[in-house]
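Comments concern the structure below.
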Ligand SMILES: Nc1ncnc2c1ncn2[C@@H]1O[C@H](COP(=O)(O)OP(=O)(O)OP(=O)(O)O)[C@@H](O)[C@H]1O
Ligand SMILES: [Mg+2]
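In my numbering, the protein residues as written are 300 to 649.
Next comes the structure, spelled out in structure tokens:
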């Protein structure tokens, strides 16, 4: 492995370390580190050994392995962002059946051991033990929020992969990064959340040039990884129709997030403001629910309305602020503010 072993040995001898059971080859083949990373890995291994036995801090293979893992976790964070899940079932407002589907996903995670191991599905059917979930639906419908709810409920870490940084223009790089991400997810038992999955999971193109051929190889690689992976993968896409058939066949749950109906919008409106935000009595949530917008739009409007209120030195958020913020959100969406929509508040948005 291209001198990696030698590099590690040099570092270790340099540090005059007392290491037993040393198997440098094993480490060097697992971790493709730079000199600096090796140094850091060794120094965290030394810390682990110190904590275990301060009198005689001999570094074991186990310590070194942990040190290396800590380093590779660090490199993972360049491509995958750890999202501390904030939301619970109380926060997310969805049609009954969609919520039921999400609870089934959650139940799958919870009862995997029982069904596969205790009840023997494992031995009887040679299924992939992983779980692949697709969330589709328009922007702001609550896909990221739902991933957080599931992570929180199951107590697993949630890693959001920024595909724009992963899909590299350098041949071979994307696969290397993906391999790293999946390996790390396996050892840390994390949920992998591929946002804007269309970038990689999209329909494979006809091969017209070398670049197309290369993009297809990457997609095939990802498909294979997803199939082998024993953990949980959530893909989010704005358009289900854009997702490659071969991916869809490997999906265990496909959850389609629809735009909320008026009744749900009213529940989102009434829950969106933090408890500490003072709301004036003139705010008419049932009027606001008539606007055909998503939860994401409502979140933006609520936040902007709070800033408008603060800017006015107002003690609380009033209907006027929310209406003005709605106008801004409409402008962003390229939507006209009509008197039919805004009724008695039309004067504020003209
Ligand atoms: N169903 C919902 N119930 C309650 N709040 C919601 C809902 N959908 C969206 N929101 C609010 O809108 C914000 C943005 O939603 P989220 O990021 O989950 O949308 P998304 O579907 O992931 O959008 P995108 O496709 O743009 O990533 C949430 O943080 C939340 O405040
Ligand atoms: Mg999202």
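We put the beta carbon where it would ideally sit given N, CA and C, even for glycine.
Counting along the chain, the unbroken alpha helix (DSSP H) around residue 546 starts and ends at 544-547. Non-local C-beta neighbours of residue 636 in its own chain, meaning closer than 6 Å and more than five positions away in sequence, comprise 626, 629, 648, ordered along the chain. Taking 6 Å as the cut-off, the C-beta of residue 589 does not count as close to any heavy atom of ligand 2. For residue 350, the enclosing alpha helix (DSSP H) covers residues 334-351. Contact between residue 439 and residue 594 holds, since their C-beta atoms are separated by about 6 Å, short of 8 Å.
Of the candidates 609, 535, 583, 631, the residue whose Cα lies closest to the Cα of residue 437 is 535. Of 408, 325, 480, the smallest CA-CA separation from residue 461 is found for 480. Between residue 492 and residue 459, the C-beta gap is smaller than 7 Å, which places the two residues in contact. The alpha-carbon of residue 393 is positioned some 24 Å away from that of residue 576.
In the structure shown, the three-state DSSP call for residue 537 is coil. For residue 594, the enclosing alpha helix (DSSP H) stretches over residues 594-610. One thing to note: residue 383 has its Cβ no nearer than 7 Å to the Cβ of residue 451.
Using a cutoff of 6 Å, the CB of residue 648 does not count as near ligand 1, since none of the ligand's heavy atoms is closer than that. Under the DSSP assignment, residue 491 falls in the beta strand (DSSP E) whose first and last residues are 490-493.
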